[in-house]
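Heads up: the structure comes next, in structure tokens.
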Amino acid sequence: MMGYRYLLDNNALSRLTVEERSTPFIREHCRIPSEVLHEARFLPDIVSLTELEYRTTGRVLHHLQRVMKRVPVDDVRLVNLYSGKGNADPMLVACALDAVHEEEEGLFGDEWAIISNDDAVLAMARLFGITVLTSSELDPLLHGRAHATRHD
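The opening residue of the sequence shown carries number 104 in our numbering; numbering runs sequentially from there.
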């Protein structure tokens, strides 16, 4: 493993100030899935945030199929299309699976984690062995303290 990379959920992204979102840490270590950027489209710095986009590719869509197979039909915690909530949540996990898979193809890859405050996202990520953090655990990273990762 070479380093740490993070995928940001909108609930973690929106808690940061414009200044925090423009820090070298965010620019160098974080990526934002396309669907999360869509949710965050009203942030004042959205144009600069698009530079951090983790694009939806065919491989990501393949991983999305894997994620959706794990969601029980009657479970609306991760995705609730009737209320328009959670559209980006399964994509966030799919992007993490894609990033981890890509890193495993190399000899010295980065470890990827999801930063979210959504319990359903964190639970689904854990099912796949993806490292998870909450936005409160992002604070030490932003201020130059040691990389904190956990699997729960």
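Every residue gets a Cβ at the ideal spot worked out from N, C-alpha and C, and that includes glycine. Computed from a prediction, not measured in an experiment: that's the story for all the values here.
Taking a C-beta distance under 7 Å as the contact criterion, E154 and S137 do not qualify as a contact pair. For P136, the pairing in a beta bridge is given by DSSP as Y157. Here H166 is buried, its C-beta having at least 16 other C-beta atoms within 10 Å. The distance from the Cβ of L236 to that of A216 is about 6 Å, consistent with a contact at the 8 Å cut-off. Going by DSSP, I217 is part of the beta strand (DSSP E) stretching over 214-218. Excluding sequence positions up to five before and after E123, its CB lies within less than 8 Å of the CB of I129, L245, all in the same chain and listed in chain order. Remark: three or more beta-carbon pairs, one from each stretch, lie closer than 8 Å, so the stretch 228-235 and the stretch 192-200 are flagged as touching. Residue pairing of L110 in beta bridges, as defined by DSSP: R134, I217. The beta carbons of V224 and L195 sit about 6 Å from each other, so the pair counts as a contact at 8 Å. S125 has its alpha-carbon roughly 8 Å from the corresponding atom of S151.
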